[in-house]
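S.K.:
In the working numbering, the protein residues as written are 45 to 290.
1) Could you give the first and the last residue of the continuous alpha helix (DSSP H) run that contains residue 274?
2) Am I right that residue 140 and residue 290 are in contact with their C-beta atoms under 8 Å? What's the rounded C-beta distance?
3) Around the C-beta of residue 111, are 16 or more other C-beta atoms found within 10 angstroms, so that it is buried, or is it exposed?
4) In angstroms, rounded to a whole number, what distance separates the CA positions of residue 194 and residue 144?
5) Please identify the residue among 169, 263, 137, 126 whose C-alpha is closest to the C-alpha of residue 152.
6) Decide if residue 246 is buried, meaning its Cβ has at least 16 other Cβ atoms within 10 Å, or exposed.
7) Out of curiosity, what's the CA-to-CA distance linking residue 69 and residue 168?
8) Strictly under 7 Å for the Cβ-Cβ distance: is residue 273 near chain D by that measure?
9) At what residues does the beta strand (DSSP E) containing residue 128 begin and finish?
10) Within 10 angstroms of the Cβ of residue 188, are there 16 or more other Cβ atoms? Answer buried if so, exposed if not.
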């Protein structure tokens with residue numbers, strides 16, 4: 045169809061349709077393969093007036109941006125790509141991963157098979173349960189996603205660094221790991237290593253998730269390379285069976 049892609053949710057209001065214009069235009073451009081035609085005019089078609097405290101950016105809720113980005117991913121990947129049709133994993137059981145899950149349409153949410161994480165507390169809990177949206181999902185160590193028999197599992201030090209980052213918030217500073225006393229860092233590394241080893245020695249469980257495509261909901265470039273190393277270790281291909289959402 046020659047009609048441009050329109051990023052609009054079913055539950056939007058007249059007020060929300062006025063917001064996030066740049067995000068909507070960006071995804072319309074992507075949907076056309078970067079070939080959306082922009083027609084030049086000799087006269088301005090619209091004049092924007094900016095007043096202090098009245099910008100649309102300041103009025104745009106973060107949750108609206110999240111929902112629009114999730115819908116764009118659903119429309120272009122999760123609902124149409126056969127790779128994701130039989131289920132997928134969400135990397136990151138923190139705030140961003142949970143918000144991503146909640147924003148999914150019901151038909152897509154049913155395809156989520158598990159959360160993957162490095163946080164020992166979340167992994168020991170075994171499940172993420174949310175009665176409001178009717179989900180109970182396993183929370184597993186990220187190494188259970190590996191499809192290379194564990195040969196590419198990241199080192200304990202990289203796991204420790206990412207774990208420290210995520211414990212300080214999904215968008216926190218990776219410098220937190222270097223602020224720990226030496227004895228604390230060693231103990232933390234031992235504990236994290238124990239979790240990784242335990243998860244890798246359960247082949248039946250790993251086989252359940254090792255084929256799944258993955259949506260990463262943890263911010264990149266904030267863990268001194270730890271997250272990126274861990275993601276590489278599971279043997280996925282970005283843009284094929286792995287997408288970074290955050």
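Idealized CB from N, CA, C, for every residue including glycine.
M.R.: Reading it off the structure:
1) Mapped onto the chain shown, residue 274 falls at position 230. Going by DSSP, residue 274 is part of the alpha helix (DSSP H) stretching over 270-277.
2) Counting from 1 along the chain shown, the entry for residue 140 is found at position 96. Counting from 1 along the chain shown, the entry for residue 290 is found at position 246. Right, their Cβ atoms sit about 5 Å apart.
3) Within the chain shown, residue 111 is the residue found at index 67, counting from 1. Residue 111 is buried by the Cβ-count criterion.
4) Counting from one through the chain shown, the residue named residue 194 turns up at place 150. Counting from one through the chain shown, the residue named residue 144 turns up at place 100. Low local confidence applies: a pLDDT of 43 at residue 194 is under 50, so the model's placement there is unreliable, with the coordinate-based value given in what follows. Here the C-alpha atom of residue 194 lies approximately 28 Å from the C-alpha atom of residue 144.
5) In the chain shown, residue 152 corresponds to position 108, counting from 1. For residue 152, the closest alpha carbon among the candidates 169, 263, 137, 126 is that of 126.
6) Working through the chain shown from its first residue, we reach residue 246 at position 202. Only weak support is given to the placement of residue 246: the predicted model assigns it a pLDDT of 42, under 50, and the value that follows is read from those uncertain coordinates. Exposed.
7) As a first step, residue 69 must be located in the chain shown, where it is residue number 25. As a first step, residue 168 must be located in the chain shown, where it is residue number 124. Computed Cα separation, rounded: 43 Å.
8) Here there is only one protein chain, and chain D is not present.
9) Counted from its first residue, the chain shown places residue 128 at position 84. From DSSP, residue 128 is part of no beta strand (DSSP E) but of the alpha helix (DSSP H) over 126-129.
10) The sequence position of residue 188 within the chain shown is 144, counting from 1. That one is buried.
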